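*Asks:* Sending over a structure as structure tokens; questions will come in a sec.
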Amino acid sequence: MSEAATEKAVDAAIEESAIKMRGTDVSVFYGEKQALFDVNLDVRKNSVTALIGPSGCGKSTFLRCLNRMNDTIDICRVNGEVTLDGENIYAPMIDVVELRARVGMVFQKPNPFPKSIYENIVYGPRIHGQVSTRAEMDEVVERSLIKAGLFNEVKDRLQEPGTGLSGGQQQRLCIARAIAVSPEVILMDEPCSALDPIATAKVEELIDELRVNYTIVIVTHSMQQAARVSQRTAMFHLGYLVEEGDTDKMFTNPDNKLTQDYITGRFG
Amino acid sequence: MTPGTIAIIVLILAAIGYVLGRRRALQAAKREGVKLHSLPGYYGESVALFTAVPALFLMAAWLFLQPIVIESSISAKIPDSVVPEGGAKSLVMVDVRRISDGLGLILAQGDVSESELVDMRADLTNVRSRLAEVGVALGSDVAPAVFEAAKSYREFDSIASSVRNVAVIVVALAFAFWAWSRITPKMRARNITETFIKALLMGSSLVAILTTVGIVASLLFESLQFFQLYPASEFYFSTVWNPQFRGGSDFGFLPLLWGTLYVSFVALLVAVPIGLMIAIYLAEYSGRALRSFAKPAIEVLAGIPTIVYGLFALITVGPFLRDWIAQPLGLGTSSASVMTAGLVMGIMLIPFISSLSDDIINAVPQAMRDGSYGLGATQSETIKQVILPAALPGIVGAFLLAASRAIGETMIVVMGAGAAARLDLNPFEAMTTVTVKIVSQLTGDTEFASPETLVAFALGLTLFVFTLGLNVLALYIVRKYREQYE
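Here the protein sequences line up with chains A and B, keeping their order.
Residues are numbered in this note's numbering as their position in the first sequence, beginning at 1, plus a constant of 187.
Residues are numbered in this note's numbering as their position in the second sequence, beginning at 1, plus a constant of 32.
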């Protein structure tokens, strides 16, 4: 084997190992209606992948395929293959509970449980048996809140209801709640759409910090947000993946006309 | 003419008024060449409303007041001599009314003319047998004074009714003409209609509120009378319930309260777990097809009359419990028992709990479920740890509503638990509740003057306060819960 070929193979291997999740020919049907058409998309480890596109383009649907949240919708059917570290998460022997512990999710609207801040955070670790003693719980609460940048704001009122926090704080609490189960991937479905610009800035900052330890996939309607926080961007339109690539390239020199129009605000 | 006919005439007048009013408005607008303030229909409506509402209102008031006025004037004419020993004048008045109704029927048959009837005398004709022929049975022969009273009652009544009919029609026509004649294109007919409808709707709600006030007032009044005859402390704290219709009764409230609470407790013990599990299943697990079938099917239970549940308790559940559980265990030989009534009442309450809880569980935002599933929780973990705690206040509200329903239930208890007032822990003994005793104290031919009958009002008032308290508590909890997601 020539040196160049070896190098290429090594590169490919490195590239392969850098891939956390991979969707292959993913199609999604809601009843008769097809919402996603043969999407092939890789999610790289320790990076932020942004999914952009106009409303109804299938980006949220794809996101929900990554931890099988679509399972909760009766009429939803998923074809194709989604792998996590090379393992098909739609394989019959996969335990959804375990999958979701590894692939956490943060939703569009902050949805803290109507429980105390403390209870909100220990909820996940407790159902997965990751904590049992009081000391372990205290530790996981503190660690998660610190990582979510919320600890200093709420440390004196951990027993107060999570619903009493402001919108931005609630969303960071939801991120803390997701981090608490030590996931490998965090999916975020328009996490800032219900927040004001200041809260948004804080969450974006947080996403950037979290990238060091986690793989993040974020759906967003804000081009600026995608440009600010992500390293990779994927553009969806009408259920098709139009283009994907490095964020820098996507926002400066996209290959596809559609992407360019969308990014520059000419449609969508 | 009967009130029904008059009402129909008034409505026909209103309809005519509508057409005329509408036409007048259109013509006036055309003549003056201006635009109508409101749609033409509103002018018609304003005439129709002015025609029907005051006239019907007058008729309702008249129908309500006429018997009261006539009764008091006739009853003044009845000499005390015809009132039997130990009876009341009101009982004589009942006879007067029935005889006058009977006379009307005799007239309707046509073999007696109006003038013959006026001349008819109780001491010359056998009035009792004549009345019996037309289906009015009297307990004793008719005293002449009573018969005369009945005749003048009838006369008075028919005159008053004629005057009423005329008055109602005149009022309808007068208002119709007034409303019609003032129509001009500038008249704000739409606003008049709106005001009228608002007043009408407000009047309806006033009826409900005033009725409640009236019920409470009558309960309160009679209860006070009872407590003047019987000490309140003994009523509320004595453990003996032993009414004697010859006087010297014991009215201890506690055995009845105990029976009520015991039966309700058993009923809720049956209804709450089953109802709640049904609600969880329907809201969280069942598919759409099953749910659309099962929910109405369960709600059919709520439509079964309680007397039918009572029959079920009496002939099926009671003997079954006695033969298979109570007797083998040596706990009793009565088929009427707290258990019987409680079980059957519990079944009756299942749809209450399940339907209300189902709505409440469905009202928990989907975001809560997503959040929990997104963290890897299973469905039952989500229900136990997120949905039920979030829905709990609402479920408690449903529970309290069901409890007040259970406490007020009568028929199932009469047929299932018997009528023995008893303080006992054994659920296979016959016991009874407040409502059953209210019924039994009021059945029979007695007047409302003795403590034996008046106690029913005191029981009713106490029960009312009790269930009102539960309802208020339920409303408070439900309202507090609603604030949580807003």
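We put the beta carbon where it would ideally sit given N, CA and C, even for glycine.
In this text, all values refer to a predicted model and were calculated from it rather than measured experimentally.
1) With 16 as the cutoff for other CB atoms within 10 Å, does Arg56/B come out buried or exposed?
2) Cβ closer than 9 angstroms: which chain A residues qualify as neighbours of Ala435/B?
3) Against chain A, which members of the stretch 309-335 of chain B pass a CB distance test of less than 8 angstroms?
4) For Arg287/A, return the contacting residues in chain B, with the cut-off set at a CB-CB distance below 9 angstroms.
5) Identify the contact partners of Val418/B in chain A, using a Cβ-Cβ distance below 7 angstroms as the criterion.
6) Just to confirm my understanding: we take Ala192/A, look at its own chain, exclude 5 residues before and 5 after, and list those with CB closer than 8 angstroms. What are they?
7) In chain A, which residues lie with their C-beta within 7 angstroms of the C-beta of Met400/B?
8) If the cut is a Cβ gap below 7 angstroms, which residues of chain A does Glu413/B touch?
9) What residues are listed by DSSP as bridge partners for Arg364/A?
10) Check whether the Cβ of Ala422/B lies closer than 7 angstroms to any Cβ atom in chain A.
11) Excluding the 5 residues flanking Ala488/B on each side, which residues of the same chain have their C-beta closer than 7 angstroms to its C-beta?
12) Could you tell me the boundaries of the beta strand (DSSP E) in which Arg469/A lies?
13) In three-state DSSP terms, what is Asp212/A?
14) Compile a chain-ordered list of the residues in the stretch 368-401 of chain A whose CB is closer than 7 angstroms to at least one CB of chain B.
15) Name the residue from Asp189/B, Gly136/B, Ser184/B and Arg153/B whose alpha carbon lies nearest to the alpha carbon of Gly167/B.
16) Quick check on this structure: which residue in Asn298/A, Glu268/A, Leu271/A and Val215/A has the alpha carbon closest to the alpha carbon of Tyr405/B?
17) Quick one: which unbroken alpha helix (DSSP H) runs of 4-plus residues sit fully inside the stretch 250-294 of chain A? Chain order, please.
18) Might you give, ordered along the chain, the residues of its own chain that have their beta carbon closer than 7 angstroms to the beta carbon of Val58/B, omitting 5 neighbours on each side?
19) Can you tell me which of the three DSSP states Asp442/A falls into?
20) Starting from Met256/A, find everything on chain B with Cβ-Cβ shorter than 8 angstroms and list it in chain order.
21) Can you tell me where the beta strand (DSSP E) holding Leu374/A begins and where it ends?
22) Val404/A lies in the beta strand (DSSP E); which residues open and close that run?
23) So the alpha helix (DSSP H) Gly134/B belongs to, where does it begin and stop?
24) Pick helix, strand or coil for Ser303/A, following the three-state DSSP scheme.
25) I need the straight-line Cα distance from Val144/B to Thr499/B, nearest angstrom please.
26) In the DSSP assignment, find the unbroken alpha helix (DSSP H) run with Tyr185/B in it and report its ends.
27) Taking the alpha carbon of Val79/B as the reference point, which residue from Ile306/B, Ala221/B, Ser265/B and Pro337/B has its own alpha carbon closest?
28) So what's Val144/B in DSSP terms, helix, strand or just coil?
29) Between which two residues does the alpha helix (DSSP H) carrying Tyr262/B extend?
30) Taking 8 angstroms as the cut-off, does the stretch 173-192 of chain B touch the stretch 437-450 of chain A (at least 3 CB pairs, one atom from each stretch)?
31) For the alpha helix (DSSP H) containing Val6/B, list its first residue and its last residue.
32) Name the chain B residues that come within less than 8 angstroms of Met324/A, Cβ to Cβ?
33) Hey, is Phe458/A's beta-carbon within less than 7 angstroms of any beta-carbon in chain B?
34) Among Val510/B, Leu486/B, Leu507/B and Ile44/B, whose alpha-carbon lies nearest the alpha-carbon of Phe259/B?
35) Consult DSSP for Glu226/B and reduce its assignment to one of helix, strand or coil.
36) Tell me where the alpha helix (DSSP H) around Glu165/B begins and ends.
*Replies:* Result, derived from the coordinates:
1) In the second sequence, counting from the first residue as 1, residue 56/B sits at position 24. Label assigned to Arg56/B: buried.
2) Here residue 435/B is taken as the residue at index 403 of the second sequence, counted from 1. Within 9 angstroms Cβ-Cβ: nothing; Ala435/B doesn't reach chain A, min ~25 angstroms.
3) Gly319 and Arg320
4) As a working mapping, residue 287/A is identified with position 100 in the first sequence. Under the 9 angstroms cutoff, chain B gives Tyr405, Gly406, Leu407, Gly408 and Ala409.
5) Taking the second sequence and counting its residues from 1, one reaches residue 418/B at position 386. Under the 7 angstroms cutoff, chain A gives Phe300.
6) On the first sequence, position 5 is the one that residue 192/A refers to. Once the five neighbours on either side are set aside, Ala192/A has no close Cβ partner at all.
7) For this step, residue 400/B is matched to residue 368 along the second sequence. Residues of chain A passing the Cβ test: Asn298 and Phe300.
8) Sequence index remark: in the second sequence, residue 413/B carries index 381 (1-based). Near Glu413/B (Cβ distances below 7 angstroms), the residues of chain A are Ile314.
9) Looking up residue 364/A in the first sequence gives position 177. Answer is none; Arg364/A lacks a bridge partner.
10) What you label residue 422/B is simply residue 390 of the second sequence in a count that begins at 1. For Ala422/B, the answer is yes, since a Cβ of chain A falls inside 7 angstroms of its Cβ.
11) Taking the first residue of the second sequence as position 1, residue 488/B is located at position 456. Counting only Cβ-Cβ distances below 7 angstroms, and skipping sequence neighbours, we find Ile470, Gln473 and Leu474.
12) An answer regarding residue 469/A cannot be provided, because it is not within the stretch 188 to 455 covered by chain A.
13) On the first sequence, residue 212/A is found 25 positions in, with the first residue counted as 1. Reduced to three states, the DSSP call for Asp212/A is strand.
14) Val368
15) Looking up residue 167/B in the second sequence gives position 135. For the residues Asp189/B, Gly136/B, Ser184/B and Arg153/B, the minimum Cα distance to Gly167/B belongs to Gly136/B.
16) Reading the second sequence from its first residue, position 373 is the one you call residue 405/B. Nearest C-alpha to Tyr405/B: Asn298/A.
17) 283-289
18) In the second sequence, residue 58/B corresponds to position 26, counting from 1. The question names Val, but residue 58/B in the sequence shown is Leu. Contacts found: Pro72.
19) The residue labelled residue 442/A in the question sits at position 255 within the first sequence. Asp442/A: coil per DSSP, three-state reduction.
20) Translated into the one-based positions of the first sequence, residue 256/A becomes position 69. Chain B residues near Met256/A: Asp402, Tyr405 and Gly406.
21) On the first sequence, position 187 is the one that residue 374/A refers to. Looking at the DSSP string, the run of the beta strand (DSSP E) that includes Leu374/A is Val372 to Asp376.
22) Position 217 of the first sequence, counting from 1, holds the residue named residue 404/A. Element bounds for Val404/A: Thr402 to Val406.
23) Residue numbering aside, residue 134/B sits at position 102 when the second sequence is read from its first letter. Run containing Gly134/B: Lys121 to Gln141, per the alpha helix (DSSP H) assignment.
24) In the first sequence, counting from the first residue as 1, residue 303/A sits at position 116. Note: Ser303/A maps to strand in three-state DSSP.
25) Your numbering for residue 144/B matches position 112 in the second sequence. Your numbering for residue 499/B matches position 467 in the second sequence. Using only the alpha carbons, I get a separation of about 56 angstroms.
26) Indexing the second sequence from 1 puts residue 185/B at position 153. Run containing Tyr185/B: Pro176 to Ser213, per the alpha helix (DSSP H) assignment.
27) Mapped onto the second sequence, residue 79/B falls at position 47. Nearest of Ile306/B, Ala221/B, Ser265/B and Pro337/B to Val79/B, Cα basis: Ala221/B.
28) As a first step, residue 144/B must be located in the second sequence, where it is residue number 112. Here Val144/B sits in coil by DSSP.
29) What you label residue 262/B is simply residue 230 of the second sequence in a count that begins at 1. Tyr262/B -> no alpha helix (DSSP H), and no H or E assigned at all.
30) no
31) The question about residue 6/B has no answer here: the residues shown for chain B are numbered 33 through 518.
32) If you number the first sequence from 1, residue 324/A lands on position 137. Correct list: empty, because the minimum Cβ distance to chain B is about 15 angstroms.
33) What the structure shows of chain A is the stretch from 188 to 455, and residue 458/A is not part of that stretch, so it cannot be assessed.
34) Reading the second sequence from its first residue, position 227 is the one you call residue 259/B. Cα-wise, what sits closest to Phe259/B is Leu486/B.
35) Within the second sequence, numbered from 1, the residue matching residue 226/B stands at position 194. DSSP places Glu226/B in helix when its eight states are reduced to three.
36) Here residue 165/B refers to the residue found at position 133 of the second sequence. Glu165/B -> alpha helix (DSSP H) spans Val159 to Glu165.
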